[in-house]
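Numbering (the numbering used here), first residue to last: 4 to 87.
We put the CB at the ideal spot given by N, CA and C, even for glycine.
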Amino acid sequence: MANKITVYTRTTCAYCAQVKRYLDMKQKTYDVINLDEQPEAAAAIIAKSGARTVPIVTLTNESGEESIAAIGWNPGALASVVAA
4 MANKITVYTR TTCAYCAQVK RYLDMKQKTY DVINLDEQPE AAAAIIAKSG ARTVPIVTLT
64 NESGEESIAA IGWNPGALAS VVAA
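Here it is as structure tokens:
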């Protein structure tokens with residue numbers, strides 16, 4: 004089973020849309036968590052990542068462990084996400 008990709012976004016975030024377009028172009032499936040609609044998720048991902056910016060891309064492995072894969076628009080990190 005492949006790693007599950009999750010993209011944490013905000014409604015007006017242009018870089019978030021760019022990350023989603025990149026993943027779509029690479030034909031990757033992913034979940035989207037809009038932090039404007041889920042404030043409890045915002046608190047959790049800020050605590051986990053230390054980042055107060057979006058997008059944040061995470062990978063969840065088969066054991067259910069979520070790791071931070073990319074913060075912000077970072078093509079190099081996203082290439083690693085696509086390869087995972």
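Nearest to residue i (by Cα), restricted to the options the options
i     : options                    : result
ALA5  : THR56, GLY53, SER66, ASP39 : SER66
GLY75 : ALA86, SER52, THR63, ASN64 : SER52
THR63 : LYS23, VAL22, ALA87        : ALA87
THR14 : GLU68, PRO42, GLU69, ILE71 : PRO42
LYS23 : SER70, ARG55, ILE59        : ILE59
Alpha helix (DSSP H) segment containing residue i, residue limits
i     : result
LEU81 : 78-86
GLN21 : 17-28
C-beta atoms of residue i and residue j nearer than 8 angstroms
i     : j     : result
ALA73 : VAL57 : no
TYR25 : ILE8  : no
ASN37 : THR12 : yes
VAL10 : CYS19 : yes
Run of the beta strand (DSSP E) containing residue i, from where it starts to where it stops
i     : result
GLU69 : 69-74
ASP34 : 34-37
Per DSSP, the bridge partner or partners of residue i
i     : result
TYR11 : ILE36, ILE59
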